[in-house]
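To start, the structure under review is shown below, and the notes come after it.
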Amino acid sequence: MADAPPKPRISIVYCTQCNWLLRSSWMAQELLQTFADGLGEVALVPATGGRFEILVDGNVIWERKRDGGFPGVKDLKQRVRDVIDPTRDLGHLDRPKNEGLDT
Numbered sequence: 155m156a157d158a159p160p161k162p163r164i165s166i167v168y169c170t171q172c173n174w175l176l177r178s179s180w181m182a183q184e185l186l187q188t189f190a191d192g193l194g195e196v197a198l199v200p201a202t203g204g205r206f207e208i209l210v211d212g213n214v215i216w217e218r219k220r221d222g223g224f225p226g227v228k229d230l231k232q233r234v235r236d237v238i239d240p241t242r243d244l245g246h247l248d249r250p251k252n253e254g255l256d257t
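For the sequence shown, this note's numbering gives the first residue as 155, with consecutive numbering after it.
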C-alpha cells in the first residue's frame, strides 16, 4: 500500500510590528474549521515590514500589498479551496449573495 501524498501546508506570514497576530490566528482558525481533514498544517510565521501573505505549499495565494489589503473570509476560503480541492462545494460561500432570498 502506497503512502498517501502529504496534505497541504498553509503559511500565514504576518507583520509583528503591525500587530496582525490576532487577525492571522483568526484566519488560521477559519481555515482549520473549514478544511480540517484536508490540511496538514497551518503555520503562523512572524515577519516585519508590513508583510501579510498567505501561502499554500509555498505558493502565494494572497499578498496584502499586491491584492489591496486583507482577504475577506469568503475570498480566502475560495482561494484555498481552488488550490487544495477545486471540486469542493463551500456551501453558502459559493452561492450568489441574493440566492434564496425572497424579494
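Where is the CB? At the ideal position from N, CA and C, for every residue including glycine.
Taking the CB atoms as reference points, tell me whether Ile215 and Arg235 lie closer together than 8 Å.
no
Could you check what DSSP says for Ile249 in three-state terms: helix, strand or coil?
Checking the sequence, you will find Arg at residue 249 rather than Ile. Of the three classes helix, strand and coil, the one that applies to Arg249 here is coil, per DSSP.
What is the rounded straight-line gap between the Cα of Arg218 and the Cα of Thr202?
13 Å
Taking only three categories from DSSP, how would you classify Arg163?
strand
Take the Cβ of Trp180 as the centre, count every other Cβ of all protein chains shown within 10 Å, and call the residue buried at 16 or more, exposed below.
exposed
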